[in-house]
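A.B. asks: Encoded as structure tokens, here's the structure I'll be asking about.
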Amino acid sequence: MAETFLLKHILSPRLIEVMGRNIKSVYLEFDALGFSEASVSQLDGLALKQRAIMIAEKLHEYLPNHYPAAIEILMQTMDVELVDEDNLGRYNEFYFLPFAEFIAAYGLNHLPESVLAMNKLTKVFTSEFCIRPFIQRYPAEMMRILSEWVCDDNKHVRRLVSEGTRTRLPWAGRLPEFQANPQPVLDLLEKLKQDPELYVRRSVANNLNDIAKDNPDIVIQTLIRWNKIDDEGTQYIVRHASRTLIKAGHPEALVLLGFDPKSPIELLDFKVDGLVQFGGKLKFEFKIQNTDSKAHDYVIDFVIYFKKANGNQAPKVFKLNSKRLKAGEVLYVQKTHPIKPISTRKYYNGMQSLAIQVNGLELAIADFELKGVG
Numbered sequence: 000m001a002e003t004f005l006l007k008h009i010l011s012p013r014l015i016e017v018m019g020r021n022i023k024s025v026y027l028e029f030d031a032l033g034f035s036e037a038s039v040s041q042l043d044g045l046a047l048k049q050r051a052i053m054i055a056e057k058l059h060e061y062l063p064n065h066y067p068a069a070i071e072i073l074m075q076t077m078d079v080e081l082v083d084e085d086n087l088g089r090y091n092e093f094y095f096l097p098f099a100e101f102i103a104a105y106g107l108n109h110l111p112e113s114v115l116a117m118n119k120l121t122k123v124f125t126s127e128f129c130i131r132p133f134i135q136r137y138p139a140e141m142m143r144i145l146s147e148w149v150c151d152d153n154k155h156v157r158r159l160v161s162e163g164t165r166t167r168l169p170w171a172g173r174l175p176e177f178q179a180n181p182q183p184v185l186d187l188l189e190k191l192k193q194d195p196e197l198y199v200r201r202s203v204a205n206n207l208n209d210i211a212k213d214n215p216d217i218v219i220q221t222l223i224r225w226n227k228i229d230d231e232g233t234q235y236i237v238r239h240a241s242r243t244l245i246k247a248g249h250p251e252a253l254v255l256l257g258f259d260p261k262s263p264i265e266l267l268d269f270k271v272d273g274l275v276q277f278g279g280k281l282k283f284e285f286k287i288q289n290t291d292s293k294a295h296d297y298v299i300d301f302v303i304y305f306k307k308a309n310g311n312q313a314p315k316v317f318k319l320n321s322k323r324l325k326a327g328e329v330l331y332v333q334k335t336h337p338i339k340p341i342s343t344r345k346y347y348n349g350m351q352s353l354a355i356q357v358n359g360l361e362l363a364i365a366d367f368e369l370k371g372v373g
């Protein structure tokens, strides 16, 4: 039976061996064998990020103690080609993840050298994680640098401006200063809203979507203004950045995307399985009918009110469909939703609820009981 591939396997003994070899090719005094043996001996039991941190610690141990000299060596190895014969797999860009951890851990007192390194690293991997402690330590200096990078010729550098300033970047700590006041980030995104690269615009949209979770009204006003720009790239951002606002039923966001909360609609034949076994699927079905004499656009979601430890319920909105219904048209929806272990949610036995939401308004709600949670 084939071994299950886990993300942590990206940072493998083979990758560490290749890293040691490449460093030695630009720094002859590097003890590649000692670095490899010391790193590989500690791999077992470590997740992906923990492995990256551990390898960064070993790099710090085996490279020169002087950070500017050490990071210069690592920057030179970024130019060493990773070849297929190295067998690093489809995620070989994660070869550079320990470099990002090295910069974040040891470079904070060396801003100029670290800025150069992050600029180079993001062109071969990403610096979105390691740039964040620098933004917090040197806010004025980093905002000035990021303001210059929005005009960089390289799309990866421009994307770093947006991705590195996301307030809720996955796998990273939050940026509470921008959660409280997102205006410095918005000033940067303003300069990227018509970027020619979808790669960059998607990051801008994700950044705005993050901001919307803490400052919805500020984001909706930004999107209303951007929606007036006759540019398909900017229109993509408006649509993609509205995800959280649409799920939350924000009236102005719904209207902005053409979903009027006042559009006539009727919910019919709503049925929910009353009992769900943990590890199984929640089944439900319903019909919605446009009761008007003209066509309307509808965004259809469902909301699960999950039971919490204190017995209260907390809502989570899930996307279902966006549909234009003609006058009198009926849409039948049948759906199953898995209720299984995930890292981002803790389940509890007992009564939960499911609601159908159309154009931001809940039309009906029904209870179901969850059993079998260990």
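Numbering-wise (numbering that gives the first Met the number 0), the sequence shown opens with residue 0 and increments by one. All C-beta atoms, glycine included, are put in the ideal place defined by N, C-alpha and C.
Looking at the strands, I want to know which residues DSSP matches up with Glu28.
C.D. replies: The sequence position of residue 28 within the sequence shown is 29, counting from 1. Its beta-bridge partners do not exist; DSSP assigns none.
A.B. asks: Alpha carbon to alpha carbon, what distance is there between Tyr61 and Asp30?
C.D. replies: Working through the sequence shown from its first residue, we reach residue 30 at position 31. Working through the sequence shown from its first residue, we reach residue 61 at position 62. Each residue's alpha carbon lies about 7 angstroms from the other.
A.B. asks: Pick out the complete alpha helix (DSSP H) segments inside the segment 210-283, 4 residues or longer, and give them in chain order.
C.D. replies: Here the runs fully enclosed are 215-225, 231-239, 242-246, 250-255.
A.B. asks: Under 8 angstroms, with one C-beta from each stretch per pair, do the segment 264-276 and the segment 223-230 reach the 3-pair mark?
C.D. replies: Result no; under three Cβ-Cβ pairs closer than 8 angstroms.
A.B. asks: Applying the 10 Å Cβ sphere with the 16-neighbour rule, what's the burial state of Val329?
C.D. replies: Counted from its first residue, the sequence shown places residue 329 at position 330. Classification of Val329: exposed, given that the 10 Å Cβ count is below 16.
A.B. asks: Would you be able to state if there are at least three C-beta pairs under 8 angstroms between the segment 174-182 and the segment 143-151?
C.D. replies: These segments do not touch.
A.B. asks: Can you give the Cα-Cα distance for Lys325 and His295, rounded to whole angstroms?
C.D. replies: Within the sequence shown, the letter at position 326 stands for residue 325. Within the sequence shown, the letter at position 296 stands for residue 295. Each residue's CA atom was taken as its position, placing Lys325 and His295 some 7 angstroms apart.
A.B. asks: Roughly how many angstroms lie between the CA atoms of Ser342 and Leu353, to the nearest whole one?
C.D. replies: For the purposes of this step, residue 342 is taken as residue 343 along the sequence shown, with counting starting at 1. For the purposes of this step, residue 353 is taken as residue 354 along the sequence shown, with counting starting at 1. Using only the alpha carbons, I get a separation of about 21 angstroms.
A.B. asks: Alpha carbon to alpha carbon, what distance is there between Lys192 and Met0?
C.D. replies: Counting from one through the sequence shown, the residue named residue 0 turns up at place 1. Counting from one through the sequence shown, the residue named residue 192 turns up at place 193. Residue placement at Met0 cannot be trusted, given a pLDDT of 39 that sits under 50; the coordinates are not used to answer.
A.B. asks: Just how far apart, CA to CA, sit Leu5 and Val156?
C.D. replies: As a working note, residue 5 is residue 6 in the sequence shown. As a working note, residue 156 is residue 157 in the sequence shown. Between Leu5 and Val156, the C-alpha separation is close to 29 angstroms.
A.B. asks: Using 8 angstroms as the Cβ pair cut-off and three pairs as the minimum, do the segment 255-267 and the segment 365-372 touch?
C.D. replies: no
A.B. asks: So which of Ile134, Pro181, His109, Met74 has the shortest CA-CA distance to Phe98?
C.D. replies: Taking the sequence shown and counting its residues from 1, the one referred to as residue 98 is at position 99. Per the Cα distances, Met74.
A.B. asks: In whole angstroms, what separates the C-alpha of Gln356 from that of Glu112?
C.D. replies: Counting from 1 along the sequence shown, the entry for residue 356 is found at position 357. Counting from 1 along the sequence shown, the entry for residue 112 is found at position 113. Taking the straight line joining both Cα atoms gives about 51 angstroms.
A.B. asks: Give the range of the beta strand (DSSP E) segment to which Leu319 is assigned.
C.D. replies: One-based indexing of the sequence shown puts residue 319 at position 320. Run containing Leu319: 312-324, per the beta strand (DSSP E) assignment.
A.B. asks: Using a 10 Å radius around the Cβ and a threshold of 16 neighbouring Cβ atoms, would you call Tyr331 buried or exposed?
C.D. replies: Taking the first residue of the sequence shown as 1, we reach residue 331 at position 332. Tyr331 should be labelled exposed.
A.B. asks: Is Gln182 a contact residue of the ligand FMN, with contact defined as CB to any heavy atom under 6 angstroms?
C.D. replies: Summarising the ligand content, the structure contains no ligands, and the ligand FMN is consequently not present.
A.B. asks: CA-CA distance, Val39 and Arg50?
C.D. replies: Sequence index remark: in the sequence shown, residue 39 carries index 40 (1-based). Sequence index remark: in the sequence shown, residue 50 carries index 51 (1-based). Each residue's alpha carbon lies about 10 angstroms from the other.
A.B. asks: Assign Arg344 to one of three DSSP states: helix, strand, or coil.
C.D. replies: Within the sequence shown, numbered from 1, the residue matching residue 344 stands at position 345. DSSP places Arg344 within a strand segment (E or B) once states are collapsed to three.
A.B. asks: Return yes when the Cβ of Leu281 is within less than 7 angstroms of the Cβ of Phe301, no when it is not.
C.D. replies: Counted from its first residue, the sequence shown places residue 301 at position 302. Counted from its first residue, the sequence shown places residue 281 at position 282. For Phe301 and Leu281, no; Cβs fall outside 7 angstroms.
A.B. asks: Would you mind reading off the limits of the alpha helix (DSSP H) that contains Pro337?
C.D. replies: Residue 337 sits at position 338 when you count from the first residue of the sequence shown. Careful: Pro337 lies outside any alpha helix (DSSP H), inside the beta strand (DSSP E) at 329-337.
A.B. asks: Could you name the residues of the same chain whose beta carbon sits closer than 7 angstroms to that of Lys7, not counting the 5 residues immediately before and after it, in chain order?
C.D. replies: Along the sequence shown, read from residue 1 onward, the residue named residue 7 stands at position 8. Leu45, Ala46, Leu47, Arg50, listed in sequence order.
A.B. asks: Comparing alpha-carbon positions, which option in Glu100, Val316, Asn311 lies nearest Tyr347?
C.D. replies: In the sequence shown, the residue the question calls residue 347 occupies position 348. Ranking the options by Cα distance to Tyr347, first place goes to Asn311.
A.B. asks: In the DSSP assignment, what residue or residues form a beta bridge with Met18?
C.D. replies: Position 19 of the sequence shown, counting from 1, holds the residue named residue 18. Bridge partners of Met18: none, in fact.
A.B. asks: Just the C-alpha distance for Ile130 and Val275, rounded to the nearest angstrom, thanks.
C.D. replies: The count along the sequence shown starts at 1 and reaches residue 130 at position 131. The count along the sequence shown starts at 1 and reaches residue 275 at position 276. Distance between the alpha carbons of Ile130 and Val275: 44 angstroms.
A.B. asks: Taking C-beta to C-beta, are Lys315 and Ile299 nearer than 7 angstroms?
C.D. replies: Here residue 315 is taken as the residue at index 316 of the sequence shown, counted from 1. Here residue 299 is taken as the residue at index 300 of the sequence shown, counted from 1. No, Cβ-Cβ distance for Lys315 and Ile299 is not below 7 angstroms.
A.B. asks: Pick from Ala363, Val372, Pro340, Met141: whose alpha carbon is nearest that of Met350?
C.D. replies: Taking the first residue of the sequence shown as 1, we reach residue 350 at position 351. Checked all of Ala363, Val372, Pro340, Met141; the closest Cα to Met350 is Val372.
A.B. asks: May I have the straight-line CA-CA distance separating His109 from Thr166, to the nearest angstrom?
C.D. replies: Locating residue 109 in the sequence shown gives position 110, counting from the first residue. Locating residue 166 in the sequence shown gives position 167, counting from the first residue. If I take the Cα positions, the gap works out to 24 angstroms.
A.B. asks: Check whether the Cβ atoms of Arg381 and Ile245 sit closer than 7 angstroms, and answer yes or no.
C.D. replies: Past the boundaries of the shown model lies residue 381; the chain is included only from 0 to 373, so the question cannot be answered.
A.B. asks: Just the C-alpha distance for Arg238 and Leu253, rounded to the nearest angstrom, thanks.
C.D. replies: Start at 1 with the first residue of the sequence shown, and residue 238 comes out as number 239. Start at 1 with the first residue of the sequence shown, and residue 253 comes out as number 254. Cα-Cα distance, rounded: 10 angstroms.
A.B. asks: Can you name, in chain order, every residue of its own chain whose Cβ lies under 6 angstroms from the Cβ of Leu96, other than the five neighbours on each side?
C.D. replies: Within the sequence shown, numbered from 1, the residue matching residue 96 stands at position 97. For Leu96, where only same-chain residues beyond five positions count, the Cβ hits under 6 angstroms are Ala51.
A.B. asks: Let me check understanding here. Comparing Cα to Cα, which of Phe133, Gln333, Pro340, Leu168 lies closest to Ile210?
C.D. replies: Against the sequence shown, residue 210 aligns to sequence position 211. Out of Phe133, Gln333, Pro340, Leu168, Leu168 has the C-alpha closest to the C-alpha of Ile210.
A.B. asks: Can you tell me the Cβ-Cβ gap for Ser24 and Val79, rounded? I've got them flagged as a contact below 8 angstroms.
C.D. replies: Counting from 1 along the sequence shown, the entry for residue 24 is found at position 25. Counting from 1 along the sequence shown, the entry for residue 79 is found at position 80. At roughly 6 angstroms, the Cβ-Cβ gap stays under 8 angstroms, so Ser24 and Val79 are in contact.
A.B. asks: Can you tell which of Leu42, Ile15, Leu362 has the C-alpha that lies nearest to the C-alpha of Phe34?
C.D. replies: Position 35 of the sequence shown, counted from the first residue, corresponds to residue 34. Closest option to Phe34, Cα to Cα, is Ile15.
A.B. asks: Using the beta-carbon count (16 or more within 10 Å), is Thr125 buried or exposed?
C.D. replies: Counting from 1 along the sequence shown, the entry for residue 125 is found at position 126. Its Cβ being crowded by 16 or more others within 10 Å, Thr125 is buried.
A.B. asks: In whole angstroms, what is the alpha-carbon distance linking Thr335 and Lys322?
C.D. replies: Taking the first residue of the sequence shown as position 1, residue 335 is located at position 336. Taking the first residue of the sequence shown as position 1, residue 322 is located at position 323. Distance between the alpha carbons of Thr335 and Lys322 is about 19 angstroms.
A.B. asks: Relative to the C-alpha of Thr76, which candidate in Gly106, Leu107, Tyr66, Val123 has its C-alpha closest?
C.D. replies: Taking the sequence shown and counting its residues from 1, one reaches residue 76 at position 77. Residue Val123 is the option with its Cα nearest to Thr76.
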